[in-house]
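Remarks on the structure that follows.
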Amino acid sequence: MLLLDTDDLPPDERVDAYQAMATAETGACGVAHELDGDRGFRKRLASWRFGPVTLFRTEGSGMRYWQTPKHLRRDSWNTVSILTQLHGEGGFAWDGRQRRLTADGLAIASKATGPWEWRWSGTGRSLGLMLDADVLGLPDRMIRTAVALTPHSDIAPLLLSHMHSLHADADRLAVEPGADALGDTVLALLRALVASAAGGPARHDVAEETRFTRILAYVRGNLTDADLTADRIAAGHNLTVSALHGLCEDNGLDLERWITHLRLEGARRDLAAPEHAHRTTDAIARHWGFGDPAHFTRGFRDAFGTTPSAWRAAPTPSA
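Quick note, the sequence shown lines up with residues 1 to 319 if you use UniProt numbering.
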């Protein structure tokens, strides 16, 4: 949902409007802006709610966003944020350390981490997730440890992939009945990431608690890999294949059937999308892991009551 587009405002009101919106949505903060090539200031801010988690997208001319000790003391919010840069090159500074950030990486910030800064130069687009620290249910010292180790975490790519998936279809997903569950997945993955940096009993307990969620996120992040098999999934999560199937059955999931369903849904969306109009149906099927066109057509018809070609030829197909 679009919260603010500064192009809709008189030029002399834009900076103050963005500052007010940023403070209202994310807490006490400082913001400084670059001017774009036309000596203007442009920002668009959108947000979507997924249960305990809010997803934010900020885009426009270069900026710096920071929280000082004064901001943190003044602000009654105790939140944890997960940040990544969708377009352009971002920077994250914390505890005297600076990191370059692109769409392939993420950073964590919270009151527990102390003062921090986020920035980009030129035209850019960033994505952030925010949730209450109390909902995370882990001690501040553990969160602080995780901030420094996030770039090296094996769980960070799963969380990042889930962020990108939410953003790619946010308008639809945020109003679906399963929106809260998608936010719960973010929460579970973040708990696993933070606990994995801590070691000791907490790491083991949270790893066990979130194993099924991590498996689901891993599958969603690798759906287009033709070699996404039970053997590979089990090996990636230190399980035997029989233990993997047992875990899925305990949670009411038929793994292979679920993977096929997700792939068919992905292919159906691509077949309806104008940006994929130049691709053949077989190419789209192969992209989603279906090497046999006849098998894909049968599965598509069984799932959706029509063939891929008929779906694509419909006047206004909607996935």
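Glycine included, each C-beta is placed from N, C-alpha and C at the ideal position.
Using only CA atoms, which one of the options lies nearest to residue i?
i, options, result
"Pro-139", "Pro-151, Thr-113, Ser-161, Thr-123", "Thr-113"
"His-152", "Ser-196, Ala-17, Arg-279", "Ser-196"
"Gly-96", "Ala-148, Asp-134, Asp-104, Gly-124", "Ala-148"
"His-71", "Arg-42, Arg-44, Ala-28, Lys-43", "Ala-28"
"Ala-146", "Asp-169, Arg-263, Gly-60, Trp-94", "Trp-94"
"Ala-22", "Asp-7, Met-63, Leu-35, Thr-150", "Met-63"
"Arg-144", "Gly-266, Pro-177, Val-194, Gly-291", "Val-194"
"Thr-35", "Thr-79, Gly-124, Gly-236", "For clarity, residue 35 is Leu in the given sequence; the question names Thr instead. Closest by alpha carbon: Gly-124."
"Asp-302", "His-167, Leu-264, Arg-312, Asp-132", "Leu-264"
"Leu-86", "Arg-268, Asp-7, Ala-168", "Ala-168"
"Gly-178", "Gly-236, Asp-7, Pro-52, Val-219", "Pro-52"
Mind checking residue i: buried by the 16 CB within 10 Å criterion, or exposed?
i, result
"Ser-81", "buried"
"Thr-102", "exposed"
"Arg-100", "exposed"
"Ala-273", "exposed"
"Trp-258", "exposed"
"Arg-74", "exposed"
"Thr-281", "buried"
"Pro-69", "exposed"
"Arg-141", "exposed"
"Leu-4", "buried"
"Thr-224", "exposed"
"Ala-310", "exposed"
"Trp-77", "exposed"
"residue 325", "Given that the chain is displayed from residue 1 to residue 319, the structure contains no residue 325 and the question cannot be resolved."
"Leu-166", "buried"
Are the CB atoms of residue i and residue j nearer to each other than 7 Å?
i, j, result
"Asn-222", "Leu-216", "no"
"Ala-230", "Leu-239", "no"
"residue 344", "Trp-116", "As shown, the chain starts at 1 and ends at 319. That puts residue 344 outside it, with no answer to give."
"Phe-50", "Leu-182", "yes"
"Ser-47", "Thr-58", "no"
"Gly-90", "Gly-122", "no"
"Ala-234", "Gly-289", "no"
"Val-175", "Ala-192", "no"
"Ser-61", "Arg-44", "no"
"Phe-300", "Pro-293", "no"
"Ala-20", "Leu-9", "no"
Can you list, in chain order, the residues of its chain with a C-beta nearer than 6 Å to that of residue i? Leave out the 5 residues immediately preceding and following it.
i, result
"Gly-30", "Trp-66"
"Leu-255", "Cys-248"
"Asp-270", "His-276, Ile-284"
"Ser-161", "Gly-221"
"His-295", "none"
Below 7 Å CB to CB, which residues in the same chain sit around residue i once its five sequence neighbours on both sides are set aside?
i, result
"Thr-26", "Met-130"
CB-CB under 8 Å to residue i, same chain, minus the five flanking residues each way: which ones, in chain order?
i, result
"Met-163", "Leu-55, Ile-82, Thr-84, Leu-106, Leu-127, Leu-129, Val-186"
"Leu-189", "Ile-155, Leu-158, Leu-159, His-162, Thr-210, Thr-213, Arg-214, Ala-217"
"Leu-136", "Val-80, Ile-143, Leu-187, Leu-190, Arg-191, Val-194"
"Leu-262", "Val-219, Arg-220, Leu-223"
List in chain order: all unbroken beta strand (DSSP E) runs of 3+ residues lying wholly within the region 103-168. 107-110, 116-120, 124-132
Counting only runs that start and end within the UniProt domain "HTH araC/xylS-type" (213-314), where is the alpha helix (DSSP H) found for 4 or more residues in a row? 230-236, 241-250, 255-272, 281-287, 293-304, 308-313
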